[in-house]
Amino acid sequence: MIETSQSGQTLKLTWDNLNRLIQSDHNGQITSYGYDVFGRRLFKKNTTEDSLTLFGWDGDLMIWESQRSNKENYTKHYVYEPDSFVPLLQTGYTRFIQLIETPDYRQFQDVPYSIYKDPVWKTDTQKNKAELERVAFYHCDQVGTPQTLSNELGECIWEIKQDTWGAALEIKAIEQDNPFGHSNIRFQGQYYDKETGLHYNRYRYYEPYSARYVSKDPIGLLGGLNLKDYVLNPIQWCDPLGLASERAGTNAAIEIYNKSAPHLPDNSIPMDKIVAAQLEKYAKGKSVGGSTTVGVGVGIYATYKGNGVSTLTMERKLGLEYEYGVFKRDEKWKYKYGERQVNRPYVQSCAGTGKAKYCAGAHTDKFNPYVYKDKAVGRSRTQGISISQGKEMVGNPNGPSITHGTGHTWDLGAHGFPSTY
Numbered sequence: 069m070i071e072t073s074q075s076g077q078t079l080k081l082t083w084d085n086l087n088r089l090i091q092s093d094h095n096g097q098i099t100s101y102g103y104d105v106f107g108r109r110l111f112k113k114n115t116t117e118d119s120l121t122l123f124g125w126d127g128d129l130m131i132w133e134s135q136r137s138n139k140e141n142y143t144k145h146y147v148y149e150p151d152s153f154v155p156l157l158q159t160g161y162t163r164f165i166q167l168i169e170t171p172d173y174r175q176f177q178d179v180p181y182s183i184y185k186d187p188v189w190k191t192d193t194q195k196n197k198a199e200l201e202r203v204a205f206y207h208c209d210q211v212g213t214p215q216t217l218s219n220e221l222g223e224c225i226w227e228i229k230q231d232t233w234g235a236a237l238e239i240k241a242i243e244q245d246n247p248f249g250h251s252n253i254r255f256q257g258q259y260y261d262k263e264t265g266l267h268y269n270r271y272r273y274y275e276p277y278s279a280r281y282v283s284k285d286p287i288g289l290l291g292g293l294n295l296k297d298y299v300l301n302p303i304q305w306c307d308p309l310g311l312a313s314e315r316a317g318t319n320a321a322i323e324i325y326n327k328s329a330p331h332l333p334d335n336s337i338p339m340d341k342i343v344a345a346q347l348e349k350y351a352k353g354k355s356v357g358g359s360t361t362v363g364v365g366v367g368i369y370a371t372y373k374g375n376g377v378s379t380l381t382m383e384r385k386l387g388l389e390y391e392y393g394v395f396k397r398d399e400k401w402k403y404k405y406g407e408r409q410v411n412r413p414y415v416q417s418c419a420g421t422g423k424a425k426y427c428a429g430a431h432t433d434k435f436n437p438y439v440y441k442d443k444a445v446g447r448s449r450t451q452g453i454s455i456s457q458g459k460e461m462v463g464n465p466n467g468p469s470i471t472h473g474t475g476h477t478w479d480l481g482a483h484g485f486p487s488t489y
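All residue numbers for the sequence shown refer to the working numbering, where the first residue is 69 and numbers rise by one.
Structure follows, in structure tokens:
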């Protein structure tokens, strides 16, 4: 059992021996959960409000949900983009779903089996037919996260504002009591549970306020060194199954284009420019990496400079500090205080204040001082002070060493670092 308390609210979570959430207690509101043999959640039952929600699946995709309660009954169906977890539309009706009754095969112990008596084979389903009453269309961001819903007339009926890691900051809806004018879908593969505030993510439950899963990765270190973290960069990656990160947004577009480029006709050449434009829009000037220094440490950072140029920065550090995530360089500072140059060794001192890092240093091959400021993106953090020695290296497309995601390589030995650093 896990118990957490925040702002006077207490949440208790109970797990089974397969690491699945089977009961939650939110300030006395008890909800139980059940799963099939594949670990897919089939129902949640709130005994306090006397409500039952069933879920239907197509492989790993949740394709419908149906709720029965004292307040309302409804069934909602979901349609997704081909071979993805990105929602396209939702539709449904104000009735609890009518499922096929469970067959009682004991009747065939004494008489021959007949498909005409087996309810599974019955084709007369008109009596259970329900007309679809409402339809709403999803409008998603670059990683497939819903941002708004629109109705048949194109009117916006629902809008959500979230932080970088998926925590809802504000939700607006025209019809507050209409289940078809709302959505519980969040990041790809995630479903919001109001009973806990968590996002059900197929194999695990995700807590957006801490940007972490509440249980360990069931595939262990195969999903990454941190057993409870979400993806490193949620504006370019996603984790639809709660197991391991996948490419999304610009990363996915580049991967798809690279696979299909050899088979595209000549008139598709402008697609390369489109992909390059997206890369410039979302990645230019941003770096990703991290370090933890208690005494002596190491820092590693990858930066996209624009125009297909990326760099790798490696540092030896002394101090007491930590930083992780995505950072963007404040360009205004280089015009006032100089700029750190690539492929030149440097020594610098830095101070992290949580959401920003301030550094002052100089190149050691020829004295050129500089000062810069890095701003943390989303839930990225930097804290503490350190002195570091390092070099920012430009990727070489023909190099034999470490391969970067854009196809660049770095020969670390040529830059004074061990090739197995």
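Virtual Cβ for every residue (Gly too), placed ideally from N, Cα, C.
Check: residue i C-beta below 6 Å from any heavy atom of the ligand NAP
| i | result |
| --- | --- |
| residue 292 | This structure does not include the ligand NAP; it has no bound ligands of any sort. |
CA nearest to the CA of residue i, picked from the options
| i | options | result |
| --- | --- | --- |
| residue 437 | 450, 114 and 408 | 408 |
| residue 224 | 232, 233, 214 and 132 | 214 |
| residue 92 | 115, 86, 301 and 106 | 115 |
| residue 81 | 282, 245, 167 and 306 | 282 |
| residue 490 | 431, 121 and 375 | No answer is possible for residue 490: the residues shown for the chain start at 69 and end at 489. |
| residue 354 | 303, 220 and 291 | 303 |
| residue 128 | 185, 425 and 307 | 307 |
| residue 108 | 221, 88 and 255 | 88 |
| residue 208 | 430, 175 and 148 | 148 |
| residue 235 | 219, 261, 222 and 275 | 275 |
| residue 268 | 101, 222, 431 and 221 | 101 |
| residue 393 | 406, 375 and 371 | 371 |
Integer-rounded CB distance, given that residue j should sit under 8 Å from residue i
| i | j | result |
| --- | --- | --- |
| residue 313 | residue 385 | Not really, about 27 Å apart at Cβ, beyond 8 Å. |
| residue 459 | residue 395 | That belief does not hold up - the Cβ atoms of residue 459 and residue 395 are roughly 18 Å apart, past 8 Å. |
| residue 311 | residue 286 | 7 Å |
| residue 64 | residue 247 | No statement about residue 64 is possible, as the shown extent of the chain runs from 69 to 489 and does not include it. |
| residue 139 | residue 158 | Rounded, the Cβ-Cβ distance is 19 Å, inconsistent with contact. |
| residue 270 | residue 257 | 6 Å |
| residue 133 | residue 161 | Rounded, the Cβ-Cβ distance is 13 Å, inconsistent with contact. |
| residue 99 | residue 263 | 4 Å |
| residue 146 | residue 165 | Their Cβ separation, rounded to whole angstroms, is 13 Å, which puts residue 146 and residue 165 out of contact at 8 Å. |
| residue 424 | residue 441 | 6 Å |
| residue 446 | residue 305 | That pair is no contact at about 12 Å. |
Cutoff 8 Å; reference residue i; Cβ partners in own chain excluding five residues on either side
| i | result |
| --- | --- |
| residue 74 | none |
| residue 451 | 389, 390, 391, 420, 421 and 422 |
| residue 226 | 204, 216, 217, 239, 240, 241, 242, 249, 250 and 251 |
| residue 97 | 114, 116, 117 and 263 |
Span separating the alpha-carbon of residue i from that of residue j
| i | j | result |
| --- | --- | --- |
| residue 142 | residue 135 | 5 Å |
| residue 211 | residue 259 | 16 Å |
| residue 124 | residue 110 | 7 Å |
| residue 228 | residue 239 | 4 Å |
| residue 462 | residue 368 | 14 Å |
| residue 410 | residue 433 | 12 Å |
| residue 413 | residue 439 | 15 Å |
| residue 298 | residue 280 | 6 Å |
| residue 366 | residue 356 | 15 Å |
| residue 428 | residue 449 | 19 Å |
| residue 151 | residue 426 | 44 Å |
| residue 316 | residue 254 | 14 Å |
| residue 416 | residue 278 | 32 Å |
| residue 289 | residue 181 | 50 Å |
| residue 245 | residue 296 | 35 Å |
| residue 454 | residue 363 | 9 Å |
| residue 183 | residue 175 | 13 Å |
| residue 379 | residue 293 | 24 Å |
| residue 126 | residue 106 | 12 Å |
Host beta strand (DSSP E) of residue i (start-end)
| i | result |
| --- | --- |
| residue 146 | 141-148 |
| residue 414 | 413-422 |
| residue 385 | 377-397 |
| residue 273 | 272-275 |
| residue 110 | 109-114 |
| residue 230 | 224-230 |
| residue 136 | 129-136 |
| residue 75 | That residue, residue 75, is in no beta strand (DSSP E); it is neither H nor E in DSSP. |
| residue 241 | 236-241 |
| residue 460 | 437-462 |
| residue 287 | Looking at the DSSP string, residue 287 is not in any beta strand (DSSP E), and its letter there is neither H nor E. |
| residue 204 | 202-208 |
Contacts around residue i, its chain only, beta-carbon distance under 7 Å, and the 5 residues preceding and following it disregarded
| i | result |
| --- | --- |
| residue 188 | 168 and 171 |
| residue 137 | 117, 118 and 119 |
| residue 202 | 159, 160 and 248 |
| residue 186 | 171 |
| residue 237 | 229, 230 and 231 |
| residue 387 | 361, 452, 453, 454 and 455 |
Cβ shell of residue i (< 6 Å), same chain only, five flanking positions each side left out
| i | result |
| --- | --- |
| residue 84 | 90 |
| residue 21 | Residue numbering for the chain in the displayed model covers 69 to 489; residue 21 lies beyond these limits and cannot be assessed. |
| residue 70 | 81 |
| residue 291 | 285, 311 and 312 |
| residue 178 | none |
The alpha helix (DSSP H) enclosing residue i, as first and last residue numbers
| i | result |
| --- | --- |
| residue 402 | 400-405 |
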